[in-house]
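Peer 1:
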Amino acid sequence: MESLLVIFVLALSAVTTALDNGLMRTPPMGWLAWERFRCDIDCKDDPKNCISEVLFRDMADRLAEDGWRELGYVYINIDDCWASMERDSNGRLQPDPHRFPGGIPKLARYIHDRGLKLGIYGDLGTHTCMGYPGTTLDKIQTDAQTFADWGVDMLKLDGCYSNATYQEQGYPLMSKALNATGRPIAYSCSWPAYQGGLPPKVNYTQLGEICNLWRNYGDIQDSWDSVLNIVDWFSANQDILQPAAGPGRWNDPDMLIIGDFSLSVDQSRSQMALWAIMAAPLFVSNDLRTLNSQARTILQNKAAIAVNQDPLGIQGRRLLREKSGIEVFWRPLSNSASALVFFSRRSDMPYRYTTSLGKLNYTSGSYKVYDVFAEELMPGLSDSTAFTISINPSGVVMWYVLPAVSREQSQGGGEYPDFRRKYRVSSRLRQAKDSKPSFLL
Ligand SMILES: *[C@@H]1O[C@H](CO)[C@@H](O)[C@H](O)[C@H]1NC(C)=O
Ligand SMILES: *[C@@H]1O[C@H](CO)[C@@H](O)[C@H](O)[C@H]1NC(C)=O
Ligand SMILES: *[C@@H]1O[C@H](CO)[C@@H](O)[C@H](O)[C@H]1NC(C)=O
Ligand SMILES: *[C@@H]1O[C@H](CO)[C@@H](O)[C@H](O)[C@H]1NC(C)=O
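Read in order, the letters of the sequence shown correspond to residues -18 to -1, 1 to 423 in mature numbering (1 follows the signal peptide of the UniProt record, and there is no 0).
#1: Which residues in the same chain as L302 place their Cβ atom closer than 7 Å to its Cβ, once the five residues preceding and following it in sequence are excluded?
#2: In the DSSP output, which residue or residues are listed as bridge partners for H109?
#3: Thinking C-alpha only, which one of L339, Y382, Y344 is nearest E358?
#4: Can you name the start and end residues of the beta strand (DSSP E) that R299 belongs to?
#5: Tell me the rounded alpha-carbon separation between N149 and A175.
#6: I'd like to check one pair, F265 with G12: are the Cβ atoms closer than 9 Å?
#7: Whose CA, out of R328, M6, A321, lies closest to the CA of Y344?
#8: Taking 5 Å as the limit, name every residue whose beta carbon sits nearer than that to some heavy atom of ligand 3, in sequence order.
#9: Taking DSSP as the reference, what is the three-state secondary structure of W312?
#10: Below 8 Å CB to CB, which residues in the same chain sit around S(-16) once its five sequence neighbours on both sides are set aside?
#11: Report all residues for which the CB-ligand distance to some heavy atom of ligand 4 is below 6 Å; order them along the chain.
#12: Please name the residue, chosen from Y169, N211, K183, that lies closest to E191 on a Cα-to-Cα basis.
#13: Measure the CB-CB distance between D242 and S208 and report whether it falls below 9 Å.
#14: Compare the Cα-Cα distances from L270 to each of L189, D40, W16, D131 and report the closest residue.
#15: Around ligand 2, what residues have a beta-carbon under 6 Å from a heavy atom of it, in chain order?
#16: I want to know whether the region 97 to 117 touches the region 42 to 55 - three or more CB-CB distances under 8 Å.
#17: For the beta strand (DSSP E) that contains F265, what are its first and last residues?
#18: Which word fits N59, buried or exposed, when buried means at least 16 other C-beta atoms lie within 10 angstroms of its C-beta?
#19: Looking at the structure shown, is E(-17) part of a helix, part of a strand, or coil, going by DSSP?
#20: Sorry if obvious, but does the Cβ on N31 come closer than 8 Å to a heavy atom of ligand 1?
#21: Starting from the Cα of D2, find the closest Cα among T272, L189, V323, P235 and give me that residue.
#22: Return helix, strand or coil for A385, following the three-state DSSP convention.
#23: Going by DSSP, which residues form a beta bridge with I371?
#24: Helix, strand or coil for E358 per DSSP?
#25: Applying the criterion that 16 or more other CB atoms from any shown protein chain within 10 Å of the CB defines a buried residue, is D330 buried or exposed?
#26: Kindly indicate which three-state DSSP category N145 falls into: helix, strand or coil?
#27: Which two residues bound the contiguous beta strand (DSSP E) that contains S208?
#28: Grouping DSSP H, G and I as helix and E and B as strand, with all else coil, what is L1?
#29: Which two residues bound the contiguous alpha helix (DSSP H) that contains V289?
#30: Helix, strand or coil for F38? Go by DSSP, reduced to three states.
#31: Looking at the structure shown, is S329 part of a helix, part of a strand, or coil, going by DSSP?
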């Protein structure tokens, strides 16, 4: 029986191989210009905030000097509006000469010298979303080679001004063209977002074979409503999306807006917790030069990052939606650990929620619990211990849960919930690294 299950699971994992470029075995982390800086090209009147080499050098300095790089935030990603309106005489893309006078190779060197990586933006179609030159099918090889020659480490390929047939041809072609350059370039595909994000129009098996990450859904905006809308769409479709993710291939619910204008401290923690549970890329889009310390503390939370970066790379799920407006999310982690997020959709006052690990289907045994945002180890729990936590309106309580005794000693008890069969994760659990998370030491 057991061996049949193993064969079944291995067969399933064999059909979902990742793009073979060795990149992004855990979700990528870094900074991305779009949500905060958009297409501000007014360098005359707004020199500090316009899309120019100055902005990207400033953000690289902050990632390198303010403790981000060491936590894994290494990508500095350019989005739309970097290019000149005209290709050069050889048909190659070129940056706007006034806003990027040093050129992209020099900016790439600046970023690499600081131990960081450079991402750039293109669009499969006649134009980018903001009307700059697009990458038509006949330009795919040229543009891939140009990015490789410049020393670019990641490409986000948007999908404005094209159609389904065009995208079906173009996205796989760009994957091949990037590979053919010989330079490892991570590949972010906006393709599914342009096709509704769901089968049959979207083939997640194929996406996992050609892209490292993909945008499934609409752009995030600087509002709590936008965060909720994204979380609800990802949760409603989790049976499709959750198995699509894994090392080297990630669903991308879009940027973190923590440190911008609209989220409260509780809402900021909620976005961080839910993005960690969803194994989402962590691209912050804010002004790192003026970030307040509360936002920085949340974005630099080591336990939340450890959950996001867990080497098994299994995306989490929403387990429960209570009538009270409390939702419970869960993600299995290496070392038989797991993460739980208790999320309040209420808008009145802190809600006292009572449950037990047993009610959440954890197997019998005793557990250690680390409260991620309180940054403290809690008293131990057994699966049957009822506990009550207080969850702020639009806030979360996030736990990192570990069996109190190792798996061998516990004879199979004291583990993460019994969801392995249901969600087909046992083959990957076998490969778990046996390293303790540093925040628990
Ligand atoms: C290109 O693809 C081959 C085969 O899938 C792989 O072994 C190689 O590492 C890839 N190279 C790059 C630069 O992505
Ligand atoms: C899709 O776009 C291509 C290139 O612009 C065009 O030739 C083709 O007719 C379009 N197909 C549809 C179904 O609109
Ligand atoms: C999805 O893509 C995979 C891999 O490319 C392919 O084998 C499979 O037939 C596709 N599925 C559908 C329904 O087209
Ligand atoms: C726990 O397992 C039972 C039986 O399989 C199921 O009905 C219930 O929904 C599960 N609870 C959670 C929180 O997933």
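Here a beta-carbon is modelled for each residue, glycine too, at the ideal position from N, C-alpha and C.
Peer 2: Checking against the coordinates, here is how it stands:
#1: The residue you call residue 302 lines up with position 320 of the sequence shown. Same-chain partners within the cutoff: E309, V310.
#2: Position 127 of the sequence shown, counting from 1, holds the residue named residue 109. In the DSSP output, where bridge partners are listed per residue, H109 has P115.
#3: Residue numbering aside, residue 358 sits at position 376 when the sequence shown is read from its first letter. Of the candidates L339, Y382, Y344, the residue whose Cα lies closest to the Cα of E358 is Y382.
#4: Reading the sequence shown from its first residue, position 317 is the one you call residue 299. Start and end: 299 to 303.
#5: If you number the sequence shown from 1, residue 149 lands on position 167. If you number the sequence shown from 1, residue 175 lands on position 193. In the sequence on display, residue 149 carries Gln and not Asn. So the alpha carbons of these two residues sit roughly 11 Å apart.
#6: Numbered from 1 along the sequence shown, position 30 holds the residue referred to as residue 12. Numbered from 1 along the sequence shown, position 283 holds the residue referred to as residue 265. Yes, these two residues count as a Cβ contact at 9 Å.
#7: If you number the sequence shown from 1, residue 344 lands on position 362. The closest CA to that of Y344, considering only R328, M6, A321, is found on A321.
#8: Residues with a Cβ closer than 5 Å to any heavy atom of ligand 3, in chain order: N185, T187, Q188.
#9: What you label residue 312 is simply residue 330 of the sequence shown in a count that begins at 1. Secondary structure at W312: strand, using DSSP grouped into helix, strand and coil.
#10: Along the sequence shown, one-based indexing puts residue -16 at 3. Confidence at S(-16) is low in this model, with a pLDDT of 35, below 50, so the placement of that residue is unreliable and no value is reported for it.
#11: My final list is L301, L302, L342, N343.
#12: Along the sequence shown, read from residue 1 onward, the residue named residue 191 stands at position 209. Minimum Cα distance to E191 is reached at Y169.
#13: As a working note, residue 242 is residue 260 in the sequence shown. As a working note, residue 208 is residue 226 in the sequence shown. Their beta carbons are not under 9 Å apart, which means D242 does not touch S208 by this criterion.
#14: To locate residue 270, count along the sequence shown from 1; it is residue 288. The shortest C-alpha to C-alpha distance from L270 to any of L189, D40, W16, D131 is the one to D40.
#15: If you measure from each CB to the nearest heavy atom of ligand 2, the residues under 6 Å come out as N145, T147, Y148.
#16: Yes, since at least three Cβ pairs between the region 97 to 117 and the region 42 to 55 fall closer than 8 Å, the two stretches touch.
#17: In the sequence shown, residue 265 corresponds to position 283, counting from 1. Unbroken beta strand (DSSP E) run through F265: 264 to 266.
#18: One-based indexing of the sequence shown puts residue 59 at position 77. Counting every other CB atom within 10 Å of its CB across the protein chains shown gives N59 a total of 16 or more, marking it as buried.
#19: The count along the sequence shown starts at 1 and reaches residue -17 at position 2. Reliability of the predicted coordinates at E(-17) is poor, the pLDDT of 34 falling under 50, and the value obtained from them is presented with this limitation in mind. Under the three-state reduction of DSSP, E(-17) is assigned to helix.
#20: To locate residue 31, count along the sequence shown from 1; it is residue 49. No, the Cβ of N31 stays beyond 8 Å of every heavy atom of ligand 1.
#21: Locating residue 2 in the sequence shown gives position 20, counting from the first residue. Measuring from the Cα of D2, the nearest candidate turns out to be L189.
#22: Counted from its first residue, the sequence shown places residue 385 at position 403. With the sequence shown as reference, residue 385 is identified as Pro, and Ala is not the correct amino acid for it. In the three-state DSSP reduction, P385 falls in the strand class (E or B).
#23: As a working note, residue 371 is residue 389 in the sequence shown. Note: I371 sits in a beta bridge opposite Y335.
#24: Indexing the sequence shown from 1 puts residue 358 at position 376. The answer is strand: DSSP assigns E358 an E or B state.
#25: Position 348 of the sequence shown, counting from 1, holds the residue named residue 330. The residue is exposed, with fewer than 16 neighbouring Cβ atoms inside 10 Å.
#26: Counted from its first residue, the sequence shown places residue 145 at position 163. Correct three-state label for N145: coil.
#27: As a position in the sequence shown, residue 208 is number 226, starting the count at 1. Note, S208: premise wrong, no beta strand (DSSP E); alpha helix (DSSP H) at 206 to 218.
#28: Here residue 1 refers to the residue found at position 19 of the sequence shown. In the three-state reduction of the DSSP assignment, L1 falls in the coil class.
#29: Sequence index remark: in the sequence shown, residue 289 carries index 307 (1-based). Membership of V289 in the alpha helix (DSSP H) is indicated by the continuous run 284 to 290.
#30: What you label residue 38 is simply residue 56 of the sequence shown in a count that begins at 1. Reduced to three states, the DSSP call for F38 is helix.
#31: Numbered from its first residue, the sequence shown carries residue 329 at position 347. The answer is coil: DSSP assigns S329 none of H, G, I, E or B.
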